[in-house]
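**Student:** Here you go, one structure.
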Amino acid sequence: MALVLANIKNLLKSIRENDWYITAFDFQFNGHDYLVVFEDLRELDRGTKYYAVMLTFIDRDDENRILRTYANSYDFKASDEEIRDYFYMNGNGAGNGIWNLYNSFNNEMPDHYIPLTNQYRNTVLNIIDEREHNEGFCCYNARHNGKNANGEQINRSGKNTAKTRLLRENLFNTLGNDKTISFCYRQDDELSDAEIIANFARNNKNDKSSD
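Its first residue numbered 51, the sequence shown is counted upward by one per residue in this note's numbering.
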């Protein structure tokens with residue numbers, strides 16, 4: 051079977067190489083404009099044998115019209131009925147309409163990671179926060195992760211990396227090279243970079259002195 055959505059595989063490979071898990075881009079089909087959020091399912095702990103990507107389509111004319119579907123280089127997991135309804139294809143032949151959608155999507159989507167621009171920033175941040183159980187956007191702490199039950203080091207998640215890069219770039223550039231460090235968020239009362247770094251250094255010193 052032909053890889054009608056070959057750029058899904060290409061983009062996924064590229065965002066992983068750039069240490070991201072999420073990106074976004076525009077898509078136009080059948081006279082309608084959509085914002086598409088592309089996520090690596092591996093970072094959502096939802097990867098399956100057949101699908102590696104989560105796509106979220108948001109209708110630019112009605113942001114409450116959303117289609118979420120797993121995807122791979124061959125197809126979307128959403129049913130044909132869901133796809134035809136969402137993309138206003140009810141008057142088209144089922145097979146040809148969906149095949150045309152896949153071709154258009156593959157041609158319009160990027161085949162490599164492009165840094166997010168401001169037009170996508172808020173949408174991407176809201177989706178990341180949703181994945182993180184709406185913990186909030188106010189960073190107040192940085193901490194070393196421990197080890198799991200098997201004694202293996204726990205590293206920072208891709209979601210936490212992306213969120214901090216977008217919200218607190220300078221803080222991330224200072225501490226983020228160490229993947230064992232995660233950044234903590236809450237709904238309000240964020241701390242400054244200087245406060246977080248000072249607290250981190252003090253806690254790290256105390257941990258070492260207690261060993």
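Glycine included, each C-beta is placed from N, C-alpha and C at the ideal position.
#1: Where do the N-terminal and C-terminal ends of the beta strand (DSSP E) with D112 fall, by residue?
#2: Tell me whether D125 is buried or exposed, calling it buried when 16 or more other Cβ atoms sit within 10 Å of its Cβ.
#3: Could you compute how far the alpha carbon of T167 sits from the alpha carbon of I72?
#4: Can you give the Cα-Cα distance for R92 and K59, rounded to whole angstroms?
#5: Considering only residues of the same chain and omitting the five flanking positions on each side of G186, which have a CB-CB separation below 8 Å?
#6: Just to confirm, is the Cβ distance from D243 to L221 under 8 Å?
#7: Which stretch, first to last residue, makes up the beta strand (DSSP E) that contains R236?
#8: Ignore the nearest five residues each way along the sequence and tell me which others in T106's own chain have a CB closer than 6 Å to its CB.
#9: Return yes when the Cβ of N254 is within less than 8 Å of the Cβ of M159, no when it is not.
#10: If you count every other CB in all the chains shown that lies within 10 Å of the CB of G226, and 16 or more means buried, which is it?
#11: So, at 8 Å on beta carbons, what are the nonlocal neighbours of D95 in its own chain, with the 5 sequence-adjacent residues on each side left out?
#12: Pop quiz: C189 and I246 are said to be a contact at Cβ under 8 Å. What is the actual Cβ separation, rounded to whole angstroms?
#13: Closest to V103 by CA distance: which of G201, N172, V174 and Y120 is it?
#14: Which residue marks the beginning of the beta strand (DSSP E) containing A212, and which one marks its end?
#15: When you compare only the Cα positions, how much space is there between N80 and E182?
#16: With DSSP as the reference, label L151 as helix, strand or coil.
**Tutor:** To lay it out plainly:
#1: Here residue 112 refers to the residue found at position 62 of the sequence shown. Here the beta strand (DSSP E) through D112 covers D112 to A121.
#2: Your numbering for residue 125 matches position 75 in the sequence shown. Flag for D125 reads buried.
#3: As a first step, residue 167 is located in the sequence shown; it is residue number 117 there, counting from the start. As a first step, residue 72 is located in the sequence shown; it is residue number 22 there, counting from the start. When rounded, the distance between both Cα atoms is 13 Å.
#4: In the sequence shown, counting from the first residue as 1, residue 92 sits at position 42. In the sequence shown, counting from the first residue as 1, residue 59 sits at position 9. So the two alpha carbons sit approximately 13 Å from each other.
#5: To locate residue 186, count along the sequence shown from 1; it is residue 136. Excluding residues within five positions, the ones whose Cβ falls inside 8 Å are D179, Y235, R236, Q237 and D238.
#6: Within the sequence shown, residue 243 is the residue found at index 193, counting from 1. Within the sequence shown, residue 221 is the residue found at index 171, counting from 1. Yes. Within cutoff.
#7: Numbered from its first residue, the sequence shown carries residue 236 at position 186. I231 to R236 is the extent of the beta strand (DSSP E) around R236.
#8: Counted from its first residue, the sequence shown places residue 106 at position 56. Excluding positions up to five away in sequence, the list reads V87 and R118.
#9: Against the sequence shown, residue 159 aligns to sequence position 109. Against the sequence shown, residue 254 aligns to sequence position 204. No; because the gap between Cβ atoms is not below 8 Å, this pair is not in contact.
#10: Sequence index remark: in the sequence shown, residue 226 carries index 176 (1-based). Buried.
#11: Working through the sequence shown from its first residue, we reach residue 95 at position 45. None.
#12: Mapped onto the sequence shown, residue 189 falls at position 139. Mapped onto the sequence shown, residue 246 falls at position 196. About 7 Å separates the two Cβ atoms, so the contact holds.
#13: For the purposes of this step, residue 103 is taken as the residue at position 53 of the sequence shown. Here the closest residue by C-alpha is Y120.
#14: Along the sequence shown, read from residue 1 onward, the residue named residue 212 stands at position 162. Element bounds for A212: not the beta strand (DSSP E) but the alpha helix (DSSP H), G208 to L217.
#15: The residue you call residue 80 lines up with position 30 of the sequence shown. The residue you call residue 182 lines up with position 132 of the sequence shown. Those two C-alpha atoms are separated by around 34 Å.
#16: In the sequence shown, residue 151 corresponds to position 101, counting from 1. Reduced to three states, the DSSP call for L151 is helix.
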